[in-house]
Amino acid sequence: MKKFLAIPSPFLLATIVAVGATGITACSDSETKAVDRVEEAEALARVKSLEARAAEIKNDMAANPGAKLNISMPDESTIPDNEYGAAVRRGLELANHTYRELPNNVGNKLNCTSCHLANGSEAYAAPWNGLPGIFPIYRSRDARVNSLQERVNGCFQRSMNGTPLDLDSEEMNAFISYMTWLSQDMPIGVSPEGRGFVKVDNTLTPDPVKGKEIFANTCSTCHGDNGEGQYNDDGTYVYPAVAGENSFNDGAGMARTYKAAAFVKGKMPFGQGNTLTDQEAIDVASYFTHLPRPVKANKDKDWPKGGAPVDVRR
Ligand code: HEC
Ligand code: HEC
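Those letters in the sequence shown? Residues -20 to -1, 1 to 294, by mature numbering (1 follows the signal peptide of the UniProt record, and there is no 0).
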C-alpha cells in the first residue's frame, strides 16, 4: 500500500473510502491517516459548497433588496401533528410562560418573550428565526464556540437570573424544536437583517440624570416608578420588571447600557419603537440598567481572552 500512497489518484482514494466503508479494520497507521485526509477533504468541500450557497443568497438579497428575508411567525397550522410538532408547541409555550412553567430554572419573573418579542419572531427584538442555521458560533464572551443550546442557557443564567437547563432535557429539545420550526423559510448560515437590535451610536456619552427623567415620563406608567413591574394575582406580570429582584441580573446583555439602549430605541415605549433619539435611549438605558438588580456571580471571568465591550459590568 505504501508505495501507492505516493501516487494519489481518484481511483486509489475511492478504494480507500470503499475499504473504510466496508469496515475492514486491519489498516496500518498510514492508511488510517489517508482515510482521515479523504474525509477531511470531503468535509471541507461540503463547507465550501455551503459557503458558496450562503454567498449566493446574500448576493441575491443585495441585488434585490425588496426580497428581504421575512422575519415573522409562520402560520401555526404548519406545526405538524406529530412528536416534533408537540415539541414545537411546548417550546412556544415555554417561551411565553417561562416563569410559570420552569420555576426551577427561572430566578426572576420574566419570560423569554419579555425581550424576544412576539414569540421570538419580531425583527430587531433579537428574533430566533434562522438561529439553528447560524449556531454553533464563536462568542468572545466565553472565548469558545457555543451551541444554540448553550446560548439558550446563557439567557437562563443571566436574563432569567436562573440556572441552565440540562442540555438533553425535554425542555431544551422543545426550545430548539420551536426555533427550528420558526426557521423553516430561512436559508442556512445567513444572518438575516433584523437579527439582534437596531444600532445606536455607541460613542455618545450616557447621562443617567436625564435618563431618570425620561424613565419617569415615558416608562414608569407601565414598568413602575422603580422599574419593579406590575403583576397579576398569580404572580405573572402585566408589565415586566426592568429593575429589582424580578428582573435580569447584572451579567445580562440587557444590563449593558448600549445593548439595552439598542433594544429600547427599536422597541420601547411598547408599540412606539424608534420614537426616542439615540441619546435619549442611551440616557434612559444607563439609568434603568444601573438600578439595583440581582448580581451575577463570576462575571469577572467573562471575556477571558479580552475584547470586552465598554458597557460590560464587572
Ligand atoms: C431581559 C431580556 C432577555 C430575556 C428575558 C431573554 N433574553 Fe435572550 N437575549 C437577550 C439579549 C440582550 C440578547 C443578545 C442580543 C444581541 O446581542 O443581538 C439575547 C440573545 C439570545 C439568543 C441569541 C440570539 C442571536 O441572534 O444570536 C438566544 C438564542 C436567546 N437569547 C434565547 C433566549 C431564551 C430561550 C430565553 C428564555 C429562556 C431568553 N433568551 C430570554 C435578552 C433576553
Ligand atoms: C405601554 C407600556 C410600556 C411602556 C410605556 C414601556 N414599556 Fe417596556 N415593555 C412593555 C411590555 C408589555 C414589555 C414586554 C413585552 C411582552 O411581554 O410581550 C416590555 C419590555 C421591556 C423590556 C424588556 C423586558 C424587561 O422587563 O427587562 C425593557 C428593558 C423595557 N421594556 C424598557 C422600557 C423602557 C426603557 C421604556 C421607556 C422608554 C419602556 N420600556 C416603556 C411595556 C411598556
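The beta carbon of each residue, even a glycine, is placed where N, CA and C say it ideally should be.
With distances taken from CA atoms, which of Lys89, Val27, Leu74 and Ala43 is nearest Tyr217? Position 237 of the sequence shown holds residue 217. Among Lys89, Val27, Leu74 and Ala43, the Cα nearest to that of Tyr217 is on Lys89.
Does DSSP classify Val86 as helix, strand or coil? Along the sequence shown, one-based indexing puts residue 86 at 106. Val86: coil per DSSP, three-state reduction.
Cys95 versus Phe243: straight-line alpha-carbon distance, rounded: Locating residue 95 in the sequence shown gives position 115, where the first residue counts as 1. Locating residue 243 in the sequence shown gives position 263, where the first residue counts as 1. Their Cα atoms are separated by approximately 8 Å.
Say yes only if the C-beta of Thr237 is nearer than 8 Å to one or more non-hydrogen atoms of ligand 1, and no if none qualify. Numbered from 1 along the sequence shown, position 257 holds the residue referred to as residue 237. No, Cβ of Thr237 sits at least 8 Å from all heavy atoms of ligand 1.
As a quick exercise: from Lys281, Ala221, Asn91 and Glu56, pick the residue whose alpha carbon is nearest that of Gly209. Translated into positions along the sequence shown, residue 209 becomes position 229. Considering only alpha carbons, the answer is Ala221.
Euclidean distance between Cα positions of Thr2 and Pro116: On the sequence shown, residue 2 is found 22 positions in, with the first residue counted as 1. On the sequence shown, residue 116 is found 136 positions in, with the first residue counted as 1. Residue placement at Thr2 is poorly supported in this model, since its pLDDT is 42, which falls under 50; the coordinates still yield a value, given next. If you take the alpha carbons of Thr2 and Pro116, they lie about 32 Å apart.
Status (buried if at least 16 other CB within 10 Å, exposed otherwise) for Asp148: Counted from its first residue, the sequence shown places residue 148 at position 168. If you draw a 10 Å sphere on the C-beta of Asp148, you find fewer than 16 other C-beta atoms in it, and that means exposed.
Going by other Cβ atoms of all chains shown within 10 Å of its Cβ, with 16 needed for buried, is Ile156 buried or exposed? The residue given as residue 156 occupies position 176 in the sequence shown. With 16 or more Cβ atoms within 10 Å of its Cβ, Ile156 is classed as buried.
Using three-state DSSP, classify Gln164 as helix, strand or coil. As a working mapping, residue 164 is identified with position 184 in the sequence shown. Residue state, collapsed to three classes: coil.
Quick one, which of Met248, Asp122 and Gln252 has its alpha-carbon nearest Val264's? Working through the sequence shown from its first residue, we reach residue 264 at position 284. That would be Met248, whose Cα lies nearest to the Cα of Val264.
Taking 8 Å as the line, does the beta carbon of His96 fall inside it for any heavy atom of ligand 1? The sequence position of residue 96 within the sequence shown is 116, counting from 1. Yes, since a heavy atom of ligand 1 falls inside the 8 Å radius drawn around the Cβ of His96.
With Asn99 as the anchor, note down where its beta strand (DSSP E) starts and where it stops. Against the sequence shown, residue 99 aligns to sequence position 119. Annotation: Asn99 is outside any beta strand (DSSP E); the continuous alpha helix (DSSP H) that includes it extends over Leu97 to Gly100.
Let me check you understand the geometry: is the CB of Met166 closer than 8 Å to at least one non-hydrogen atom of ligand 1? Taking the first residue of the sequence shown as position 1, residue 166 is located at position 186. Not so, every heavy atom of ligand 1 lies at least 8 Å from the Cβ.
Tyr211 versus Ala196: straight-line alpha-carbon distance, rounded: Numbered from its first residue, the sequence shown carries residue 211 at position 231. Numbered from its first residue, the sequence shown carries residue 196 at position 216. Going from the Cα of Tyr211 to the Cα of Ala196 covers about 19 Å.
Please report the residue range of the beta strand (DSSP E) in which Arg119 lies. Position 139 of the sequence shown, counted from the start, is the residue given in the question as residue 119. Annotation: the continuous beta strand (DSSP E) that includes Arg119 extends over Ile117 to Arg119.
By Cβ distance, which residues of its chain are closer than 8 Å to Ser163, with the 5 residues on each side in sequence left out? Position 183 of the sequence shown, counted from the first residue, corresponds to residue 163. In its chain, beyond the 5 residues on either side, Trp108, Asn109, Gly110, Leu111, Pro112 and Gly113 have a beta carbon closer than 8 Å to the beta carbon of Ser163.
If you follow the beta strand (DSSP E) that Tyr219 is part of, which residue opens it and which one closes it? As a working mapping, residue 219 is identified with position 239 in the sequence shown. Taken as a continuous stretch (DSSP letters only), the beta strand (DSSP E) holding Tyr219 covers Tyr217 to Tyr219.
Only counting the same chain, and skipping five residues up and downstream in sequence, which positions put a Cβ closer than 6 Å to that of Val27? Sequence index remark: in the sequence shown, residue 27 carries index 47 (1-based). Closer than 6 Å at the Cβ level, and outside the excluded window around Val27, lies no residue.
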